[in-house]
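Asks: Sharing a structure below in structure tokens format, with a few things to ask.
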Amino acid sequence: MNVLFILPSLKNTGPINVCLEIGKSIDKTIHKLIFVSLSAGEQESEFKKLGEVVVLKGLLISKYFKFKRLVNQYNPTVIHSHCFLPDVMNACLKGENTLTTVHNIFEDDYIPYYGYFKGKSLSILHRYFVKKITNVVSCSESVRKTLEDKYSLMTEAIQNGVETSKLKNTVFWREGEVKYFYLGVMNKRKNVDVLIEGFLKSEVKPARLYIVGDGPEAEKLSKKYCSFNNVIFTGRLSQPRGFIRDMDVFISSSKAEGLPMALLESIAESCTYIISDIPPHKEVHDSIKDYSGFCVENTVDGFECGFKTMQKSDIGLLQRNALDGFCSNFSSEIMALKYAKLYKLSSRQ
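Quick note: the sequence shown uses numbering that gives the first Met the number 0, first residue 0, plus one each step.
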């Protein structure tokens, strides 16, 4: 079975990592994988380990016609798109078995990033093209429910998953300084200011907060908090899993998510968490063991309380419980099996 993926880039971002995790865990004795990308990225070598990789060059219109030629060349059983432009291209194909994964609630993602008018327009366009694709998957139950309630768009939910840790001997926190961290882009939707203010207000010790990533608000935030030696901005890391292994507690004050890959990657590397009380965060929190981390009100006071509670808790036990829950619910193997089943079913339509 040939499965052709169409991606916006090969960068280290959430939707791209979902596709990468599918590729790592799906049975490649049954599935031949072809990855077509509209631009290059630092993860190209990782994708090449899994199948054929084609990075399209030129103007957008020429990329579309090159994409169509590749579809004719490989004759894929399923064409699986991720994100806006790949969804547009996939929707324009005629007579093909098409599938997309919706990674966000359109307005929640586009409006904070592009502004109201452009963001709203992109949301309407994206929704229009998604409805033209044969099979639509939501990356979480939260996204599935919102798409159904808000847009009457019926989808099947397949929760995101990530690869389990490559460490043979997992080390849990015992004592000493607690290393908190945020990992991801810094923009209005991610609301990073709130978690930093909550950390500083809590005055927890011994502790440090690491802010990992870049984005439109990165420079402003790093300048604002440069005088605090317990808040460290690292910039973007091309391969963050190694960094995560040295951390203890993942933090996110995001206002909206699909199903956060950074949270799943952190739990997979035996971290516990303090996360905002948005539905996708609650979905992860409720799916794993009790006493595995804390879901708090998305305010400075809420995170202040979360940091203080974490500092007094058995962090090692929280980490163990979170990791157990991850292995039962959010591994890439579980996700890949569900996609493989869907590819097989959709090929019969």
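Backbone N, C-alpha and C fix where the C-beta goes; we use that ideal spot for every residue, glycine too.
Just verifying my parser: in three-state terms, what is the DSSP assignment at Val142?
Replies: helix
Asks: Just the C-alpha distance for Lys48 and Glu332, rounded to the nearest angstrom, thanks.
Replies: If you draw a straight line from the Cα of Lys48 to the Cα of Glu332, it is about 17 Å long.
Asks: Just list the residues that DSSP pairs Lys67 with in beta bridges.
Replies: Residue pairing by DSSP places Lys67 in no beta bridge whatsoever.
Asks: Which of helix, strand or coil does DSSP assign to Leu84?
Replies: Leu84 sits in a helix when the DSSP states are folded into three classes.
Asks: Which of the three DSSP states is assigned to Val203 in this structure?
Replies: In this structure, Val203 counts as coil in the three-state DSSP scheme.
Asks: Rounded to the nearest angstrom, what separates Gly114 and Asn190 at their Cα positions?
Replies: 16 Å
Asks: Work out the CA separation of Asn74 and Phe4 for me, nearest whole Å.
Replies: 12 Å
Asks: Are Leu208 and Phe180 closer than 8 Å when you measure CB to CB?
Replies: yes
Asks: Can you tell me the Cβ-Cβ gap for Asn89 and Gln42, rounded? I've got them flagged as a contact below 8 Å.
Replies: Incorrect: roughly 21 Å between the Cβ atoms, too far for contact.
Asks: Just to confirm the assignment, what range does the alpha helix (DSSP H) spanning Asn320 have?
Replies: 314-328
Asks: Which same chain residues end up closer than 7 Å to Tyr150 when comparing Cβ atoms and leaving out the 5 residues on each side of it in sequence?
Replies: Hits under 7 Å: Arg126.
Asks: Name the DSSP beta bridge partners of Ala156, please?
Replies: Ser137
Asks: Once you ignore the five residues that flank Pro14 on each side, which residues in its own chain have a CB closer than 6 Å to its CB?
Replies: His81, Cys82, His102
Asks: Among residues of its own chain, excluding the 5 on either side of Glu51, which ones have a beta-carbon nearer than 6 Å to its beta-carbon?
Replies: Ile33
Asks: How is Lys167 classed by DSSP in three states: helix, strand or coil?
Replies: Low local confidence applies: a pLDDT of 49 at Lys167 is under 50, so the model's placement there is unreliable, with the coordinate-based value given in what follows. Here Lys167 sits in coil by DSSP.
Asks: How many angstroms separate the CA atom of Gly160 from the CA atom of Pro279?
Replies: Pro279 has its alpha-carbon roughly 13 Å from the corresponding atom of Gly160.
Asks: Quick check on Gly22: buried or exposed, where buried means 16 or more other Cβ atoms within 10 Å of its Cβ?
Replies: buried
Asks: List the DSSP bridge partners of Lys178.
Replies: Arg207
Asks: Can you name the start and end residues of the beta strand (DSSP E) that Tyr290 belongs to?
Replies: Where Tyr290 is concerned, there is no enclosing beta strand (DSSP E), given that its DSSP letter is neither H nor E.
Asks: Assign Lys167 to buried or exposed, taking buried as 16 or more other Cβ atoms, counted over all protein chains shown, within 10 Å of its Cβ.
Replies: Bear in mind that the predicted position of Lys167 carries a pLDDT of just 49, short of 50, making it unreliable; the figure below should be weighed with that in mind. With fewer than 16 Cβ atoms within 10 Å of its Cβ, Lys167 is classed as exposed.
Asks: Over what stretch of residues does the beta strand (DSSP E) that includes Phe227 continue unbroken?
Replies: Here Phe227 belongs to no beta strand (DSSP E), and DSSP marks it neither H nor E.
Asks: Per DSSP, Thr28 forms a beta bridge with which residues?
Replies: According to DSSP, which records beta bridges pairwise, Thr28 is partnered with nothing at all.
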